[in-house]
Amino acid sequence: MKKRLPTIAIRGAGDLATGVAIRLYRAGMRNIVMLETDKPLAVRRHVVFSETIYHQVAKVEEVTASYCTQPSEIKTAWGDDVIPVLCDPKAALLEQIKPDILIDAIIAKKNIGTNTSMAPFVIGLGPGFTAEKDVHAVVETKRGHYLGKVITNGSAIPNTGIPGAVNGYRKERVHWADEAGVFTTQQHIGTQITKNELIGYVNTQPITAAIDGVLRGLLPDGTPVRKGTKIADVDPRNNPKYCDEVSDKALAIGGGVLEAICAHLFSNE
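With full-length UniProt numbering, the residue at position 136 of the sequence shown is 136, and numbering never jumps.
In structure tokens form, the structure reads like this:
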């Protein structure tokens with residue numbers, strides 16, 4: 001007898017959330033719905049389903065997501081083998097969606113309201129969540145030995161504010177806005193860039209690359225930003241192909257989420 005697939009809601013549709021969704025989708029868990037803000041700011045725009053908010057449809061590694069205006073459209077999207085994305089930053093639609101599983105993949109480095117009352121099984125990604133307190137399980141998001149580990153008692157490693165190392169580079173590969181304003185650029189994702197080359201401006205302040213690499217992520221030209229907003233990601237591995245692929249980090253986290261879900265489902269058989 002064919003079993004009913006669990007309904008899985010994911011808060012967030014950025015690069016890590018998208019990687020998780022794709023990992024679950026490929027494992028056969030197709031009843032996924034993603035909840036985003038009305039103005040998401042993702043630098044890795046080629047590999048995020050949050051782009052549906054601006055462009056209606058987004059395709060990442062042969063998996064398609066589409067923007068839906070209301071919960072009644074979710075089943076139609078599933079019937080078309082598409083992942084629906086709704087604008088619902090406060091998760092107010094959960095009462096209508098009634099997910100079996102909720103994943104907080106906002107990556108805010110703190111809990112902004114997710115709790116175990118929202119679904120029968122709730123997973124939090126990264127710092128800000130405590131298993132057996134506000135969620136049922138936590139998945140580690142920090143690069144290193146424990147990346148993707150499922151935590152069923154306790155919390156993830158605290159946020160250090162320092163990006164994980166890629167080819168030995170940490171802060172050098174990521175650029176943030178030093179002031180509020182408007183980000184302008186003539187560069188494009190996938191472009192090879194050299195150290196000290198101009199990436200763009202925040203107002204009149206120039207942003208230059210700290211290392212050689214490929215622009216793996218970049219906000220669009222003309223984007224309003226706050227101080228501290230992530231605006232660019234330079235990949236020192238120099239492979240433009242990575243710009244259009246889910247990252248190793250997202251895949252590892254997605255594997256942890258899949259493990260947590262399977263353990264939950266099998267324990268309840």
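Just so it is clear, CB atoms sit at the ideal spot from N, CA and C, and this is done for glycine as well.
Note that the coordinates shown come from a computational prediction; the quantities given were computed from them, not determined experimentally.
Subject >> Any alpha helix (DSSP H) of 4 or more consecutive residues that is wholly inside the stretch 5-78 >> reply: 15-26 and 52-55
Original post:
Which residues share a DSSP beta bridge with residue 261?
Top reply: Counting from 1 along the sequence shown, the entry for residue 261 is found at position 261. For residue 261, which the question treats as bridged, DSSP gives no partner whatsoever.
**OP:** Pick out the complete beta strand (DSSP E) segments inside the stretch 210-250, 3 residues or longer, and give them in chain order.
**Re:** 213-218, 223-225 and 230-235
**OP:** Throw me the rounded Cβ distance for the residue 43 and residue 217 pair, which I believe falls under 8 Å.
**Re:** Locating residue 43 in the sequence shown gives position 43, where the first residue counts as 1. Locating residue 217 in the sequence shown gives position 217, where the first residue counts as 1. Yes, residue 43 and residue 217 are in contact; Cβ-Cβ is about 3 Å, under 8 Å.
Original post:
Buried or exposed: where does residue 1 fall if 16 or more other Cβ atoms within 10 Å of its Cβ makes it buried?
Top reply: Residue mapping note: residue 1 aligns to position 1 of the sequence shown, counting from 1. Note that residue 1 scores 41 on pLDDT, short of 50, meaning its location in the model is unreliable; the coordinates nonetheless yield the value given after this. Residue 1 comes out exposed.
**OP:** Could you name each continuous alpha helix (DSSP H) segment of 4 residues or more that falls completely within the stretch 75-124, going from the start of the chain to the end?
**Re:** 94-97
Original post:
According to DSSP, what are the bridge partners of residue 208?
Top reply: Numbered from 1 along the sequence shown, position 208 holds the residue referred to as residue 208. Paired residues: 198.
Original post:
Do residue 48 and residue 15 have their C-beta atoms within less than 8 Å of each other?
Top reply: As a first step, residue 48 is located in the sequence shown; it is residue number 48 there, counting from the start. As a first step, residue 15 is located in the sequence shown; it is residue number 15 there, counting from the start. Contact: yes.
Subject >> Start-to-end residues for the beta strand (DSSP E) that takes in residue 184 >> reply: If you number the sequence shown from 1, residue 184 lands on position 184. Here the beta strand (DSSP E) through residue 184 covers 181-184.
Subject >> Residues of its chain near residue 165, where Cβ-Cβ distance is below 8 Å and the 5 sequence neighbours each way are ignored >> reply: The count along the sequence shown starts at 1 and reaches residue 165 at position 165. Cβ neighbours of residue 165 beyond the five flanking positions: 143.
Subject >> Short CB-CB distance (under 8 Å) between residue 122 and chain C >> reply: Looking at the structure shown, chain C is missing, and only one protein chain is on hand.
Original post:
Can you give the Cα-Cα distance for residue 259 and residue 203, rounded to whole angstroms?
Top reply: Here residue 259 refers to the residue found at position 259 of the sequence shown. Here residue 203 refers to the residue found at position 203 of the sequence shown. In a straight line, the C-alpha of residue 259 is about 45 Å away from that of residue 203.
Original post:
Which of the three DSSP states, helix, strand or coil, is assigned to residue 126?
Top reply: In the sequence shown, residue 126 corresponds to position 126, counting from 1. Looking at residue 126 - three-state DSSP - the assignment turns out to be coil, as it is neither helix nor strand.
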